[in-house]
Amino acid sequence: MSMEIETQLSDQIARYLDLAASEAKLTAANMANVDTPGYRTVGMDFEAEMRGAMDDVDQGRGPRRVRVTDVDGLITRPDGNNVSIDRESLQLAEAQLKFRTGVALLRQEYQRVMDAIHADKS
Amino acid sequence: MNLFGLMETSGSAMEAERMRAEVVAANMANAETTRTADGGPYRRQEVVFAANGGDAGFLDAMNGSMNGSGNGSGTDSMNAATANGGAGVGSASVGIAGEGMPGSPALPPLLPLPGAQNVAPGVRIAQVVEDPSPPLKRYDPGHPDAGPDGYVAYPDINPLTEMVDLMGATRAYGLNGSAVQAEKGMITSALEIAKT
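Each protein sequence line maps, in turn, to chains A and B.
Read left to right, the first sequence gives residues 0 to 121 (numbering that gives the first Met the number 0).
Read left to right, the second sequence gives residues 0 to 195 (numbering that gives the first Met the number 0).
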């Protein structure tokens, strides 16, 4: 059995972090345009993207681009803008937590590999 | 994929909102101004926001297809924003607009996405427009700026409107400020990966 520093799990977590960052980025874009006339909220389907990313890792493909979608069900204001501050705040908190979760998992995974490296010393 | 692009997006919004607050402050400061460089009373000003083309690298990573050549669609979106946003506001561009906004003509165009609207990271002030409503006339024949009929033209500034606008700007500023805070937290936590 070969030993790899980069495990499949660490690869998967890296994709997860990328997607969480993309989600935060879209949210930041929405927040920035909270007062821009005619601006429409953008979003992404995190679960679908994650499924695709897991497939990519299995097949050994590189990361793909995120599909950005329109967000339905928001109330459009008279100036044509439909950004909801509440939604964006929640989205950002969610993306932040996802990111932190990913970081914690990735640390643990690297620690596991580290422990294996130093296994002879204990 | 860089996390710092996020800060730029939120930063551009904070900049724009602060500018909006400055314009409100200028309006309130000049509520009784009867003399200006252009002659006549001070005229109420208002900012028009437009979604920014922003960081092209991020857009490329995000959307895939760049629609190439940076032709002047910046002005198109600017016009559109004015048309949408200008509820009862004329499009006379004034002083503050020109100097405050760096390089608005050179902005990259917004990118069309498959099955979605354009993603616009960030925001910018497209224009500062002047309120075309006529000045208020007050009878004060002793005033040096009084007309032959004894009426003085004062700016039509409603403190209530200005305060509401200021509150909106403050809230949006705070919102983007907390977004920056969140982004900082993400970057800091990413640094933790390296610490073992």
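Just so it is clear, CB atoms sit at the ideal spot from N, CA and C, and this is done for glycine as well.
Worksheet item: Where does A125(B) fall in DSSP's three states?
Response: strand
Worksheet item: Would DSSP call E45(B) helix, strand or coil?
Response: strand
Item to complete: Determine the direct distance from the alpha carbon of E21(B) to that of S21(A), and round the result to whole angstroms.
Response: 32 Å
Worksheet item: Going by the beta-carbon positions, is the gap between Y138(B) and Y150(B) smaller than 8 Å?
Response: yes
Fill in: N- and C-terminal bounds of the alpha helix (DSSP H) containing L8(A)
Q7 to A31
Discussion item. Is the beta carbon of V33(A) closer than 8 Å to that of A15(B)?
Written reply: no
Practice prompt. Report buried or exposed for F3(B), applying the criterion of at least 16 other Cβ atoms within 10 angstroms of its Cβ.
Written response: exposed
Fill in: Backbone CA spacing between G167(B) and A115(A) [nearest angstrom]
55 Å
Fill in: Cβ neighbour criterion (16 or more within 10 Å) applied to L135(B)
exposed
Worksheet entry | P120(B) at chain A interface by Cβ criterion, 8 Å | yes
Worksheet item: Looking at chain B, which residues of the stretch 10-31 of chain A have a Cβ within less than 9 Å of any of its Cβ atoms?
Response: L16, D17, A19, A20, S21, A23, K24, L25, T26, A27, A28, M30 and A31
Practice prompt. Provide the residue(s) that pair with M43(A) in DSSP beta bridges, ordered along the chain.
Written response: V67(A)
Practice prompt. Can you tell me which of the three DSSP states L73(A) falls into?
Written response: coil
Worksheet item: Can you list, in chain order, the residues of its chain whose CB lies under 6 Å from that of G37(A), leaving out five sequence neighbours each side?
Response: G79
Discussion item. How far does the alpha helix (DSSP H) with R17(B) in it extend, from its first residue to its last?
Written reply: F3 to A28
Item to complete: Classify A178(B) as helix, strand or coil using the three-state DSSP reduction.
Response: helix
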